[in-house]
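UniProt numbering numbers the first residue of the sequence shown as 1 and each following residue consecutively.
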Amino acid sequence: MRLGRLQIRLLPRDAGRAPGEPHAARLAFRCNVCGQTQEQPVAALERERPSCAGCGSNVRFRSLVAALSERLFGRSVAAVDFPQRKDLAGIGMTDWSGYRDILGLKFDYRSTYLHKPPRLDILAPAEADLGAHDFLLSSDVFEHVLAPVQRAFDNAWRLLKPGGVFVMTVPYCVGAPTREHFGEMTSFAIEDGPEGRVLRAAYADGGTRNFSDLVFHGGDGTTLEMRVFGLADLIGHFERAGFDDIRVHDAPDYDHGILHHGAPCVPISARRP
């Protein structure tokens, strides 16, 4: 099996392909999280759909690991093949366990949460965490942070050592501005109403407002979608925080099963000077 090779499988009609239906393209690749070599349908290589037979990683997780590898080692290497570098301190935000556990073996790495230990509130990080990390990982977290979201980017910069890198994924749109759903709330509560869940928001001027048609990502509470970023605005947040060498990791990595079709929303990384 040659890695990174697109193959066309001629499916027999009794396998479900109707006359005139396109043949199924498949990609041979090695998962860059767990290291398992496999072949998967290209159609299965979606951002959120698990597509590794070994660890269940999806394109989002594999592309995050690839971006981190490129930043740390200058090339895309599978996480299981990372050298052990306990001199490198990393911190993650609500990590997926598949790469969290491997990074914990390879680096001085701490995976954190908002509401349970080990804690990290990106809007109010602990003093001991500032300037202490060689890299920060955040996968689909910043769309859930209270506005103004610039504070989160500023604190990401503050968490890093000089030369440290921030690697993140977040849903975004290309060619459109950021859509803030609720504005700059000072507090909010989510309640069950007769027609579904309702967000009751409070604002600094003493005003309140109710919102329905809420969007949650994979759960309730802190997974509430606060915004949909625009890519240009997203880059602007990095720049205003003081980051440089900002990269949008949009190139496919066929060897590791990373294709960006459908909603791209690829990783973005940046360096603290």
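For every residue, glycine included, the Cβ atom is placed at its ideal position computed from N, Cα and C.
Which residues does DSSP pair with H133 in a beta bridge?
For the purposes of this step, residue 133 is taken as the residue at position 133 of the sequence shown. H133 pairs with L160.
Please classify S69: is it buried, with 16 or more other beta-carbons within 10 angstroms of its beta-carbon, or exposed?
Position 69 of the sequence shown, counting from 1, holds the residue named residue 69. Result: buried.
Classify E195 as buried or exposed, calling it buried when 16 or more other Cβ atoms lie within 10 Å of its own Cβ.
Counting from one through the sequence shown, the residue named residue 195 turns up at place 195. With fewer than 16 Cβ atoms within 10 Å of its Cβ, E195 is classed as exposed.
Go ahead and pull the three-state DSSP assignment for K106.
Taking the first residue of the sequence shown as position 1, residue 106 is located at position 106. Helix, per DSSP.
Counting only the same chain and skipping the five closest in sequence on each side, list residues whose C-beta sits under 6 Å from that of T37.
Along the sequence shown, read from residue 1 onward, the residue named residue 37 stands at position 37. Counting only Cβ-Cβ distances below 6 Å, and skipping sequence neighbours, we find R30.
Tell me which residue opens and which closes the alpha helix (DSSP H) that I190 is part of.
Looking up residue 190 in the sequence shown gives position 190. It is not in any alpha helix (DSSP H) - I190 instead sits in the beta strand (DSSP E) that spans M185 to G193.
Write down the C-beta distance between V77 and L259 rounded to the nearest angstrom, noting that I regard them as a contact closer than 8 Å.
The residue given as residue 77 occupies position 77 in the sequence shown. The residue given as residue 259 occupies position 259 in the sequence shown. The pair is not a contact, with the Cβ atoms about 19 Å apart (cut-off 8 Å).
State the CB to CB distance for the pair A79 and N155, rounded to an integer number of angstroms; the pair is presumed to be in contact (CB under 8 Å).
What you label residue 79 is simply residue 79 of the sequence shown in a count that begins at 1. What you label residue 155 is simply residue 155 of the sequence shown in a count that begins at 1. 26 Å between Cβ atoms; not a contact.
Under 8 Å between C-beta atoms, does V145 make it to chain C?
No chain C appears in this structure, which consists of one protein chain only.
Which residue from V174, R209, C173 and G131 puts its Cα closest to that of G164?
For the purposes of this step, residue 164 is taken as the residue at position 164 of the sequence shown. Among V174, R209, C173 and G131, the Cα nearest to that of G164 is on G131.
Using the rule of at least 16 other Cβ atoms within 10 Å of the residue's Cβ for burial, across every protein chain shown, is N58 buried or exposed?
Here residue 58 is taken as the residue at index 58 of the sequence shown, counted from 1. N58 comes out buried.
Could you tell me which of A25, E39 and A24 sits nearest to D255, measuring between CA atoms?
Position 255 of the sequence shown, counted from the start, is the residue given in the question as residue 255. The shortest C-alpha separation from D255 is found at E39.
Leaving out five residues before and five after L103 in sequence, what residues of the same chain have Cβ atoms less than 6 Å from its Cβ?
The sequence position of residue 103 within the sequence shown is 103, counting from 1. Y109, listed in sequence order.
Here's the rule I'm using: 16 or more other beta-carbon atoms within 10 Å means buried, otherwise exposed. How should A124 be labelled?
Looking up residue 124 in the sequence shown gives position 124. Result: exposed.
Which stretch, first to last residue, makes up the beta strand (DSSP E) that contains G196?
Residue mapping note: residue 196 aligns to position 196 of the sequence shown, counting from 1. Per DSSP, G196 belongs to the beta strand (DSSP E) from G196 to Y203.
Go ahead and pull the three-state DSSP assignment for G257.
For the purposes of this step, residue 257 is identified with residue 257 of the sequence shown, where counting begins at 1. Looking at G257 - three-state DSSP - the assignment turns out to be coil, as it is neither helix nor strand.
Between which two residues does the alpha helix (DSSP H) holding E39 run?
By one-based count along the sequence shown, residue 39 stands at place 39. No alpha helix (DSSP H) contains E39, which is instead part of the beta strand (DSSP E) from T37 to P41.
Return the residue from the list A189, L114 and A152 that minimises the CA-CA distance to R209.
One-based indexing of the sequence shown puts residue 209 at position 209. For the residues A189, L114 and A152, the minimum Cα distance to R209 belongs to A189.
Between which two residues does the alpha helix (DSSP H) harbouring V65 extend?
Position 65 of the sequence shown, counted from the start, is the residue given in the question as residue 65. That run of the alpha helix (DSSP H) goes V59 to F73.
For G218, count the other beta carbons within 10 Å of its own beta carbon; 16 or more makes it buried, fewer makes it exposed. Which is it?
Looking up residue 218 in the sequence shown gives position 218. G218 comes out exposed.
Rounded to the nearest angstrom, what separates T186 and W157 at their Cα positions?
By 1-based counting over the sequence shown, the position of residue 186 is 186. By 1-based counting over the sequence shown, the position of residue 157 is 157. C-alpha separation (whole angstroms): 23 Å.
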